[in-house]
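A.B. asks:
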Amino acid sequence: MSDRSNRKSLDPNPPSVLIADDQADVRESLRLLLEAEGYAVITAASPEETVVQARTRHPEIVILDLNYRTDTTSGGEGLELLSRLRTLDPDRPLIVLTGWGTAPLAIEALKRGAQDFLEKPWDNARVLTVLKNQLALRHSRDEYQRLSAENRALAEPVSALICRSPLMLEILREAERVAAANATVLLTGESGTGKGLLARWMHERSLRKAGPFIRVNLGGLVESLIENELFGHVRGAFTDARSERIGRFELASRGTLFLDEIANLSLASQASLLHALEEGQIERVGSADPVAIDVRIMAATNADMRTNIAQGRFRADLFYRLNTIEIRLPPLRERCEDIGLLANHFFKDAIHRHGKSVSGLSPSALQALERYDWPGNIRELAHVIERAVLLAGGEWIGVSDLRLAPEASARAPEIENLTLEQAERYLVHRALERFRGDSDQAARQLGVSRSALYRRLAKYRQ
Ligand SMILES: Nc1ncnc2c1ncn2[C@@H]1O[C@H](COP(=O)(O)OP(=O)(O)OP(=O)(O)O)[C@@H](O)[C@H]1O
Ligand SMILES: [Mg+2]
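Residues in the sequence shown are numbered from 983 upward in steps of one, following the working numbering.
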């Protein structure tokens, strides 16, 4: 009982029911019953009015009479209405009301797509149960469709993790050992070093490989949505919560939950996450019922977590809980042996995708790639190769097709040998190259406004 009254007071978007019957007393007594239970009730007295209401008010469920006075014996008019409603929205549950002793008509209605039927005179408790079940079914169907769309995206084939450098081979050996244990793993390393790819690679080598791999990008979510995304919510938890939604923790059940860009989590969300991890259970937003969780956590960041902790931006207790095992992915410039192999891999992929007939990378291009210092790591390498394939005029990709920034083409200059102005100029050019000319991002990385960046560029041109 308390459950129901809760819903009435909390739910600003009650489920709407359309009652279609030509008898006013039927409409009124059903309306009284359903409104008392917190439903929003719409009524219609004729088939025409029913269609109009269904079209304009979008009720979530329809209860319709099959026996209109004009056509009491065959129920033909009611059945036709049923079919029209089905065409309007094939997913909307339709419940038919039939007179006593008209079982064949009820069966015909079920055949034509009605979900259930109620016999007049009806039993109030049965009306409520039928409605509740149909709405729950519809919501889980909607949720299922949302999840299957999400899982299709997640099930895209994993691109192979390519490497041959002794450094990376050793890391993969360790990662494989760690994958088999159920321990929490923290992946660190610069942007574009392959943390996301390695997390998935490890999941596929874990005891949970038959379960889902669910990523949540904590860097890309507004603060107010994080808990909702992680823990889900119950119907009516807040204004837009029209239906129950499960969160990533539950979605990842029996699999791996990959918390990406963990350093971006606010202190408040860090507290909720720590609570969930410590208790081994979560509560959906708006509900006090705990749900046990069964996930393996992997987390990733390109930030320096120890500095974040020292500056009070990240909780030490959460960090140690996530950091049972840390795997650091080295920047590409520390594994030069992988550059040629990766470049050829991205080359094959790009000519295939763009249907280009380029024979390959020239030896001098390969040499230039190996000398470049890759501030954007493997992601940058993939972009450079793709751009070169698109721009290449000849049969082979040459050095000029790569368009590498001259400043980074030799290894970074010895900073102590530069003048202040040279150092500044170097950093500005590196930032622009790294973000492929996006001055907003470059300015943010350099910690100056965009106009300050433009002023410097204008000065260098003089
Ligand atoms: N060893 C590898 N072999 C093949 N592709 C790789 C490898 N490492 C990374 N990549 C590719 O490089 C791109 C960047 O990798 P990923 O997104 O995993 O990096 P990241 O470390 O998570 O970066 P960020 O911190 O910016 O999120 C992806 O397209 C990934 O598939
Ligand atoms: Mg990533």
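Quick reminder that beta carbons are idealized off the backbone N, C-alpha and C, glycines included.
#1: To the nearest whole angstrom, what separates the beta carbons of residue 1173 and residue 1209, a pair I think is in contact under 8 Å?
#2: Rank 1038, 1143, 1077 and 1248 by C-alpha distance to the C-alpha of residue 1446 and give the top, closest one.
#3: Are the beta-carbon atoms of residue 1164 and residue 1303 separated by less than 8 Å?
#4: Cutting at 8 Å between CB atoms, please list the residues of its own chain near residue 1410, excluding the five before and the five after it.
#5: Mind checking which residues open and close the beta strand (DSSP E) that includes residue 1199?
#6: What residue range does the beta strand (DSSP E) around residue 1101 cover?
#7: Answer with buried or exposed for residue 1379, where buried requires no fewer than 16 other C-beta atoms within 10 angstroms of its C-beta.
#8: DSSP state of residue 998, grouped into three classes?
#9: I'd like the list of long-range same chain contacts for residue 1416, defined as Cβ closer than 8 Å, with 5 residues on each side in sequence excluded.
#10: Just curious, the beta strand (DSSP E) that residue 1024 is in, first and last residue?
#11: When the Cβ atoms of the region 1145-1163 are set against those of the region 1171-1187, are three or more pairs found closer than 8 Å?
#12: Excluding sequence positions up to five away, which residues of its chain have a Cβ less than 7 Å from the Cβ of residue 1269?
#13: How big is the Cα-Cα spacing for residue 1366 and residue 1310?
#14: Kindly list the residues whose CB is nearer than 8 Å to the CB of residue 1094, restricted to its own chain and excluding five residues on each side of it in sequence; keep chain order.
#15: From which residue to which residue does the alpha helix (DSSP H) around residue 1349 run?
#16: Is it buried or exposed, residue 1229, if we count other Cβ atoms within 10 angstroms and call 16 or more buried?
#17: Distance check for residue 1433 and residue 1220, CA to CA, integer angstroms please.
#18: If you measure from the CB of residue 1383, is any heavy atom of ligand 2 nearer than 7 Å?
#19: Is the region 1011-1026 touching the region 1086-1101 in the sense that three or more CB pairs, one from each, lie closer than 8 Å?
#20: Assuming residue 1197 and residue 1231 are in contact, meaning their beta carbons sit under 8 Å apart, how far apart are those beta carbons, in whole angstroms?
#21: Along the chain, which unbroken stretches of the beta strand (DSSP E) at least 3 residues long are found entirely within the region 1227-1279?
#22: Which partner residues of residue 1047 appear in the DSSP bridge assignment?
#23: Is DSSP giving residue 1502 helix, strand or coil here?
#24: Return the residue from the list 1350, 1431 and 1422 that minimises the CA-CA distance to residue 1321.
#25: Of the residues 1382, 1175 and 1166, which one's Cα is nearest the Cα of residue 1188?
#26: Between which two residues does the beta strand (DSSP E) carrying residue 1168 extend?
#27: Roughly how many angstroms separate the alpha carbons of residue 1257 and residue 1234, rounded to a whole number?
#28: Return helix, strand or coil for residue 1215, following the three-state DSSP convention.
#29: Going by the CB atoms, is the gap between residue 1089 and residue 1112 shorter than 8 Å?
#30: Figure out for me which residue from 1003, 1074 and 1019 has the closest Cα to the Cα of residue 1102.
#31: Say the cut is 7 Å; is the CB of residue 1364 nearer than that to a heavy atom of ligand 4?
C.D. replies: Looking at the atomic coordinates:
#1: Contact between residue 1173 and residue 1209 fails: their C-beta atoms lie close to 26 Å from each other, not under 8 Å.
#2: Absent from the structure is residue 1446, since the part of the chain shown begins at 983 and ends at 1444.
#3: Going by C-beta atoms, residue 1164 is not nearer than 8 Å to residue 1303.
#4: Around residue 1410: 1424, 1428, 1435, 1438, 1439 and 1442.
#5: Per DSSP, residue 1199 is one residue of the beta strand (DSSP E) stretching across 1195-1199.
#6: Taken as a continuous stretch (DSSP letters only), the beta strand (DSSP E) holding residue 1101 covers 1098-1101.
#7: Buried: at least 16 other Cβ atoms inside 10 Å.
#8: In the structure shown, residue 998 falls within a strand segment according to DSSP collapsed to helix, strand and coil.
#9: Sequence-distant partners of residue 1416 (beyond 5 residues in either direction) whose C-beta falls short of 8 Å from its own C-beta, in its chain, are 1357, 1358, 1362, 1424 and 1427.
#10: Per DSSP, the continuous beta strand (DSSP E) segment holding residue 1024 begins and ends at 1022-1026.
#11: With the cut-off at 8 Å, the region 1145-1163 and the region 1171-1187 touch.
#12: Hits under 7 Å: 1216.
#13: Straight-line Cα distance between these residues: approximately 24 Å.
#14: The answer, listed in chain order, is 1061, 1064, 1065 and 1068.
#15: Run containing residue 1349: 1345-1353, per the alpha helix (DSSP H) assignment.
#16: Buried, because 16 or more other Cβ atoms sit within 10 Å of the Cβ of residue 1229.
#17: Going from the Cα of residue 1220 to the Cα of residue 1433 covers about 41 Å.
#18: Every heavy atom of ligand 2 is 7 Å or more from the Cβ of residue 1383, so no.
#19: With contact defined as three or more Cβ pairs closer than 8 Å, the region 1086-1101 and the region 1011-1026 are not in contact.
#20: Between residue 1197 and residue 1231 a beta carbon distance of about 13 Å is seen, past the 8 Å cut, so the two are scored as non-contacting.
#21: The qualifying runs are 1238-1242, 1263-1265 and 1272-1274.
#22: Partner(s): 1079.
#23: Given that the chain is displayed from residue 983 to residue 1444, the structure contains no residue 1502 and the question cannot be resolved.
#24: Residue 1321 has its Cα closest to that of 1350, out of 1350, 1431 and 1422.
#25: Comparing Cα positions, the closest option is 1166.
#26: Residue 1168 -> beta strand (DSSP E) spans 1167-1170.
#27: Between the alpha carbons of residue 1257 and residue 1234 lies a distance of about 18 Å.
#28: Residue 1215: strand per DSSP, three-state reduction.
#29: The beta carbons of residue 1112 and residue 1089 sit no closer together than 8 Å.
#30: Checking every option, the nearest Cα to that of residue 1102 belongs to 1003.
#31: Inclusion of ligand 4 in the displayed structure is not the case, the ligand content consisting of ligand 1 and ligand 2 alone.
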